[in-house]
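Sequence order for the protein chains is B and W. The numbering used here numbers the first residue of the first sequence as 4 and each following residue consecutively. The numbering used here numbers the first residue of the second sequence as 4 and each following residue consecutively.
Protein chains: 2
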Amino acid sequence: MTAPSAGVIIGVDLGGTTLAGGLVDPGGMVQYSRAVPTDRLGRGEGVLQNLLEVVGGLAEDARKLNHPLLGVGIGAPGVIDVGTGTIGEDIQNIPEFRGLALGRILRGRTGLPVVVDNDVNALTLGEWTFGHPRGFRHVAMIAVGTSIGGGLILNGALVRGASGYGGEIGHITVDLDGPDCFCGSHGCLKMFASGADIARQARHLLRVNQPSVLAELAAGDPDRIDAPLVFAAAARGDPTAVTVVARAAQALGAGVANLINLCNPEMIVLGGGVMEAGEILVEPVTRWARFYAFEAAFDGTRIVRSALTKESGVLGAAALFLYEQRRTGAS
Amino acid sequence: MTAPSAGVIIGVDLGGTTLAGGLVDPGGMVQYSRAVPTDRLGRGEGVLQNLLEVVGGLAEDARKLNHPLLGVGIGAPGVIDVGTGTIGEDIQNIPEFRGLALGRILRGRTGLPVVVDNDVNALTLGEWTFGHPRGFRHVAMIAVGTSIGGGLILNGALVRGASGYGGEIGHITVDLDGPDCFCGSHGCLKMFASGADIARQARHLLRVNQPSVLAELAAGDPDRIDAPLVFAAAARGDPTAVTVVARAAQALGAGVANLINLCNPEMIVLGGGVMEAGEILVEPVTRWARFYAFEAAFDGTRIVRSALTKESGVLGAAALFLYEQRRTGAS
């Protein structure tokens, strides 16, 4: 880790429920952080107002701490036009930002350089800059949360592709005839292993396995079932939960193996809230990845859990800013 | 296409049955070519001897034609250590080359710079240099022949990955519970759609559909069934052949879609002998790719058949040489 420089970056993780921001130095230390509900000032125009207030507040914090500001990095959901910092039309959880030229607006308000990209691209750059895969040239990340996102760094460069879809591992097909996905396809990895889909499958299968530990943990209310509850029930041997976790691990293992066989990274980082389940998931994922991948390619790939903290989103946004400054040759 | 320069490259496509070589100018014109059976001088040491004679003969041809030689590019099966030009241990169809330091040997014999890489990486670079995707930054290739190989160019660089497995699209899992593959996994794309597997599936299914056009075309001998025969029978409506071709197209479509969602290339080139079946395969592959991929990412991807000729392997090997010269900064 490099020594803190004279400057700091405002990193913002713009989520559907929480807007987190922080002052990050180029060594990856979060000097100051703020987190507020995304809809603190209401939905609609309130969300942009909220974002502007958080960024303005952090800029004020930097002034008070006497830290020169280098710029702003923002990780946002969906597909982003990084050149202009414009949010894509497909953004699901902050619909008010559809098509918004967020980068341009923030540059106007702050007078600072601003970089906006997809949140999981930012997470991946955060890992590469501050986490386990520092110094590698070929890195992949799978972030398993409510949905599944991913990021790819190959030949030392982030893979955004032609229009920003690069890295969308959650929507690769691992089952030609698998369950329908909202994206219009079927058999997407996400349908087996995202947090929402782990809960969905458990609720569905619960009907064949009553009474059960899972039903008991949910106090008889299927709506209370979420991924952590399914892992808790699986740890206690509940057959429904064990079945769902086993299938999620198999699908994630195939996803990891597909990354290994197609991109042959030196390291794959598993992150996101669902991965906090720990070994009950990571161990079978790794076993299945070994099964599905070329043996020699698998043996050359380190599969690790993210070592970054809850602040990974803020760190990722700051890493995104640093990456773009370097990539575009800005000082 | 650039104008022919003063020099030529010896491009060699080292296949299990045919060893093809040619003198290629940097504009992609094959000035002179030779093709011999790989085992013309017998197996074992004969294969290397044969290769050395072909390269030596082409060097002699260049001298006679008064073309200065820039160097030698070789596309070979399996995983190659490009830095040293050493053939991998996993090479199947030329077992005598297992672990052979081919690059070093050829440099010693010819005094020329020599580059060796995987044959499908070479094909992909050939397409990028001389074919449809000239000038793009993000390109993927799927080569469907006896087996299925692939190549990726992302951010303007060939994706070899940590140990040369980059681009192995034939062994991504498209069916979590699919048929066993020789690679140790199951549900690999290859198992549905390679030439050998199209023939295998047709032979297997023939038992439920006798008499049939396919059996008639094979003169009652299942051993005569190969992929071209299956396509010919499918074109005449044979139910077994139609079933196998439909499933191969579906799996290839999922493979194309996985490339689109994960790598988001501007163009995907479909090549290899099986693709010579033409629209009977390309049309349903494209339809299924549209089904499995994100709509906006699919719409931004051109899916094309290779426009290179039978000399694509030789052109690819020459393009490989030019790419490595440029990448490593050699003059």
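Don't be surprised by glycine CBs; every beta carbon is placed ideally from N, CA and C.
- Query: What separation, rounded to the nearest whole angstrom, lies between the Cα atoms of residue 139 of chain B and residue 269 of chain B?
  - Reply: 7 Å
- Taking Cβ to Cβ, would you say residue 55 of chain B is nearer than 7 Å to residue 112 of chain B? yes
- Query: Taking just the CA atoms, how far does residue 133 of chain W sit from residue 27 of chain W?
  - Reply: 11 Å
- Tell me whether residue 214 of chain B sits in a helix, a strand or coil according to DSSP, three-state version. Under the three-state reduction of DSSP, residue 214 of chain B is assigned to coil, being neither helix nor strand.
- When you compare only the Cα positions, how much space is there between residue 212 of chain W and residue 255 of chain W? Using only the alpha carbons, I get a separation of about 25 Å.
- Whole-angstrom distance between residue 267 of chain W and residue 239 of chain B, CA atom to CA atom: 42 Å
- Return the residues of the stretch 117-133 of chain W that lie within a Cβ-Cβ distance of less than 9 Å from chain C, sorted by chain order. Here chain C cannot be found, since the structure's protein chains are B and W.
- Return the chain-ordered list of same chain residues with a C-beta closer than 6 Å to the C-beta of residue 81 of chain B, the five sequence neighbours on each side being excluded. 91, 93 and 94
- Item | Alpha carbon of residue 142 of chain B to alpha carbon of residue 156 of chain B, nearest angstrom | 5 Å
- Query: What does DSSP give as the partner residues of residue 191 of chain B in its beta bridges?
  - Reply: B:176.
- Counting only beta-carbon atoms, is residue 301 of chain B nearer than 7 Å to chain W? no
- Message: Measuring only the C-alpha atoms, how far is residue 289 of chain W from residue 273 of chain W?
- Response: Approximately 11 Å, taken between the alpha carbons.
- Query: Got a sec, what are the start and stop residues for the beta strand (DSSP E) residue 36 of chain B sits in?
  - Reply: 33-40
- Span separating the alpha-carbon of residue 282 of chain B from that of residue 192 of chain B: 20 Å
- Query: Are the Cβ atoms of residue 186 of chain B and residue 194 of chain B separated by less than 7 Å?
  - Reply: no
- Message: So that I know if they touch, is there some Cβ in chain W lying closer than 7 Å to that of residue 216 of chain B?
- Response: no
- Message: Comparing C-alpha positions only, which one of B:292, B:202, B:261 and B:264 sits nearest to residue 248 of chain B?
- Response: B:202
- Take every Cβ of the stretch 251-265 of chain W, pair it with every Cβ of the stretch 165-179 of chain B, and state whether three or more of those distances are shorter than 8 Å. Because the criterion of three Cβ pairs below 8 Å is met, the stretch 251-265 of chain W and the stretch 165-179 of chain B touch.
- Report yes if the CB atom of residue 153 of chain B is closer than 7 Å to the CB atom of residue 129 of chain B, and no otherwise. Cβ atoms of residue 153 of chain B and residue 129 of chain B: not closer than 7 Å.
- Members of the stretch 318-333 of chain W that neighbour chain B once the beta carbon cut-off is set at 7 Å: none
- Using a Cβ-Cβ cut-off of less than 7 Å, list which residues of the stretch 245-262 of chain B approach chain W; keep chain order. 253, 254, 257, 260 and 261
- Message: Among the candidates B:196, B:67, B:51 and B:74, whose CA atom is the shortest distance from the CA of residue 102 of chain B?
- Response: B:51
- Cross-chain neighbours of residue 179 of chain W in chain B, by beta carbon under 7 Å: Chain B residues near residue 179 of chain W: 177, 178, 253, 254 and 257.
- Query: Between the Cα of residue 106 of chain W and the Cα atoms of W:74, W:31 and W:208, which residue gives the shortest distance?
  - Reply: With distances taken between CA atoms, residue 106 of chain W lies nearest to W:74 out of W:74, W:31 and W:208.
- Task: Determine which residues share a DSSP beta bridge with residue 16 of chain B and list them.
- Result: B:23 and B:78
- Message: Can you pull the chain W neighbours of residue 151 of chain B, defined as C-beta to C-beta under 8 Å?
- Response: Per Cβ cutoff of 8 Å: no residues; residue 151 of chain B is ~12 Å from chain W at best.
- Message: Quick check: what's the CA-CA separation for residue 334 of chain B versus residue 127 of chain B?
- Response: Because the pLDDT of residue 334 of chain B is 48, which lies under 50, any placement of that residue in the model is unreliable, and the number read from its coordinates should be weighed accordingly. Approximately 23 Å, taken between the alpha carbons.
- Task: Check the C-beta distance from residue 161 of chain W over to residue 124 of chain W and give it rounded, since I have them as a contact under 8 Å.
- Result: Right, their Cβ atoms sit about 6 Å apart.
- Check the Cβ-Cβ distances between residue 341 of chain B and every residue of chain W, and say whether any is below 7 Å. Residue 341 of chain B falls outside the range modelled here, since chain B spans only 4 to 334, and no answer is possible.
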